[in-house]
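Residue numbers (full-length UniProt numbering): 1 to 493. Using N, Cα and C, we set each Cβ at its ideal position, and we do this for glycine too. Predicted, not measured: the structure shown is a model, and the values here were computed from it. Structure, as C-alpha cells:
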Amino acid sequence: MLDNWRKRLFSDKEGDFEQGGEINQRTASRNNTVTIIAVSALLLAALGLYKYTRPPAPSQEENHQEPVEFGVIIEQDFVEKDNQSALTLQQNTLSGLEKQIAELSKSMRTHKEETQRKIEQAKEKTARLVEEQVREEFRSKEAQLQARIDELEQSTSELVNTEPYSTIHTQGAINGSETFGQRKLPPRPIASSNDNPDIAQMQYQPSEQIPFNRNEFDSFDFFWESDEKTYHRSTENYVPTGTFVTAVVTGGADTNAGVLGQGDTTPVVFQTIHEGILPNGEKSKLNNCTITGSSYGEISSSRGIVRTNRLSCIQDEGRILDVAIKGTAFNFGRNGIRGTTILKNGEIVQMAGIAGILTGIGETGQALSQTTSTSALGTTSSINSQDAALNLLGNATSSVGEKLSDYYIGLAELYHPIVEINPGAVVNIVFLEGFPLDPLMAEEYERQQLAEQSMSSQSNQILDVITNTPLNPLANELSTQGIDVPPTPFGRK
C-alpha cells in the first residue's frame, strides 16, 4: 500500500511533447502538496514534543516551602583583599609575559639579521664562483686561440722556406738570360744610400717574390662573402598581435563552471572560415586552418572562456605549419562563448536541507529531555527516567539527519554546474601574441619559447634554493629522537 502511495505521489507524469506545460503544472502542484503535508507533519510533531516535554504545574504545597538559608555573609573587607590579591597575581603574570615577549622579539630580530647576513654572504660567494668560472673559460679559449695562431705561423714559415732566397735572386738577376715571352716583373725599389729606414716597406718580401720568379702559369683565387638574407616580418610570413579570424566551433564541450573550473579545462576545436584580418585591414592566410584550445565555464556570465593552444595549416607545396599560439575566443563582441548553464544539484541540496531540519529536531528533543545543573564543580547534564524515550528518539534522529546531510552535501559537490559550448557557434579568434607563418621560422620561434621557459624555470629553481630552506635527513632523524637541531638559512645543521 505504501508503495502504491509512493508511486502515486513521486512518479513523473508521462505524455506527449505538446502536453509538456500541463505535465509541468501537475508536477508543480503535486510538489506543493507534498511540501505542505511534510511541513504540517513536522509542525505537528514539534508541537507534540513541546506539549509532552512541558513540566507539570507546581502544587500549592511546593509554593509554601520554607526559604533556603545560605549561611553567614562574607564581610566586605575579605572581598576587597581577595580582589587585591587577584589583581596582584594578574599583574605579575602580565609582567612575566611582557618579559617573555621582549626576549622573543629580540631573539627573532637577531635571527633575522643573522639570516640576512648569511644570505648576502651566499650571494657574494655565488657571484665570485661565477666570475672565476667565466675567467677560467676565457683563459682556456685564449690558450686555444694562441695555439691555433702558433700553428698558422709555423705553417706559413714552412711555406716561405720551401724555396731558397738565393735561388730567387739568381733567377731574377738583372743581366741574366731571359726566355722569349716571359712576363716581366714590376720595377723593384733600389737603395741609393746606406740610410734607408723604410727599406723593409719598399722591397718585396720573400713570400711575395716566389710567384714572380717561377716559370709556370699563375693562378689566383678570389673569394667574396655571400650576402646573408635578413628576415623581415611581412604580411606574407607573420601574424602580428591583435589579428583576428572568424572560426566555427567543430568540437564543443561541457565546460566546468564550478569553483575549481579553471583547473579542470576541456579541449575545444575550431575551423577557420576566413583569411584573417590584420591590424591595418590587410588580409592574412589563415583560411581553413584548425585551432585547438582549452575552455572552462563562467557561471556568472553563462559563457565558456577559451584559451587557444596550437594552430595547424597545410600551405602551398604541401608544407605543414604547426605552431603554438596564444589567443582567446570572442562571441557577440564579448570574451567567451555564450552557452547554456545547467545545474543538476537542486534536488540534492533540497534533500540536504531536509536532513538538516531532521538534525535540528533531533537535537531539540535531546536537549528537552536533559536537565542541566550548575555547581561549583562545573556544569552537569542528567536525563530524567520519564524522558528516556524522548532522548533516545532525539539522539537517533540527530545522528541520522547529520549523516544524511553530509552525504547529500558531498553528492552535491560532485554535481558541479556546467556551461554548454555547442558545435556550430561562430566566434572570432583574437591572437594575443604574434607568430610566424613560415614553417622554418615557426620552428625557430618554438625553440626560442622553449629556451625562455627553461631559463625562467632555472631562475625559479635558483630562487627556491636561495629562499626555501632545504631539508636535511640527518637533522630530521635527530629530531625524531628528541635532539633539537637549530635551523639555519641553508638547511638544518
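Under DSSP, residue 298 takes part in a beta bridge, and its partners are 303.
Here residue 362 is buried: its Cβ has 16 or more other Cβ atoms, across all protein chains shown, within 10 Å.
DSSP, reduced to helix, strand and coil, places residue 425 outside both helices and strands of the structure shown, so it counts as coil. Beta-carbon to beta-carbon, residue 266 and residue 280 are separated by about 35 angstroms, too far to satisfy the 8 angstroms threshold. Note that the C-beta distance between residue 287 and residue 277 is not below 9 angstroms. Rounded to the nearest whole angstrom, the CA to CA distance from residue 368 to residue 348 is 31 angstroms. Counting only runs of 3+ residues, the beta strand (DSSP E) found wholly inside the region 306 to 394 occupies 320 to 324, 327 to 331, 340 to 342, 370 to 375 and 378 to 383, in chain order. In the DSSP assignment, residue 243 falls outside any beta strand (DSSP E), carrying neither H nor E. According to DSSP, residue 271 shares a beta bridge with 248 and 290. Ranked by Cα distance from residue 395, the options 366, 153, 448 and 147 are led by 366. Contact fails between the region 386 to 393 and the region 303 to 323, because fewer than three Cβ pairs, one in each stretch, are under 8 angstroms apart. A Cβ-Cβ separation of about 13 angstroms leaves residue 319 out of contact with residue 436 under the 8 angstroms criterion. Close CB contacts of residue 251 within its chain, under the 6 angstroms cut and outside five residues either way in sequence, are with 268 and 269 (chain order).
When the alpha-carbon of residue 330 is set against those of 371, 421, 90 and 155, the nearest one is in 421. Your pair residue 284 and residue 235 checks out as a contact, with CB atoms roughly 7 angstroms apart and the cut at 8 angstroms.
The beta carbon of residue 282 is closer than 7 angstroms to those of 235 in its chain, skipping five residues each way along the sequence.
Spanning the alpha carbons of residue 301 and residue 289 requires a straight line of approximately 29 angstroms.
DSSP places residue 81 within a helical segment (H, G or I) once states are collapsed to three. Pairing residue 337 with residue 427 gives a Cβ-Cβ distance under 9 angstroms. Within the region 396 to 422, the runs of beta strand (DSSP E) at least 3 residues long that lie entirely inside it are, in chain order, 418 to 421. Per DSSP, reduced to three states, the secondary structure at residue 280 is coil, with no helix or strand assignment. Counting only the Cα atoms, residue 446 lies some 13 angstroms from residue 311. Setting aside the 5 residues that flank it on each side, residue 294 is surrounded in the same chain by 265, 266, 267, 268, 306, 307 and 309, each with a C-beta closer than 8 angstroms to its C-beta; the list follows chain order.
Residue 359 places its beta carbon less than 9 angstroms from that of residue 405. Going by C-alpha positions, residue 152 is about 11 angstroms away from residue 145. In the structure shown, the three-state DSSP call for residue 257 is coil. Look at residue 439 here: in three-state DSSP terms it is helix.
Taking the CA atoms as reference points, residue 87 sits about 16 angstroms from residue 98. Under DSSP, the beta-bridge partners assigned to residue 430 are 244 and 328. Between the alpha carbons of residue 115 and residue 326 lies a gap of roughly 42 angstroms.
Nearest C-alpha to residue 414 among 345, 107, 460 and 140: 345. The secondary-structure analysis by DSSP pairs residue 27 with nothing; it has no beta-bridge partner. Take residue 355, set aside five residues on each side of it, and the residues of its chain with a beta-carbon closer than 7 angstroms to its own are 401, 404, 405 and 408, in chain order. With fewer than 16 neighbouring CB atoms inside 10 Å of its own CB, residue 38 falls in the exposed class.
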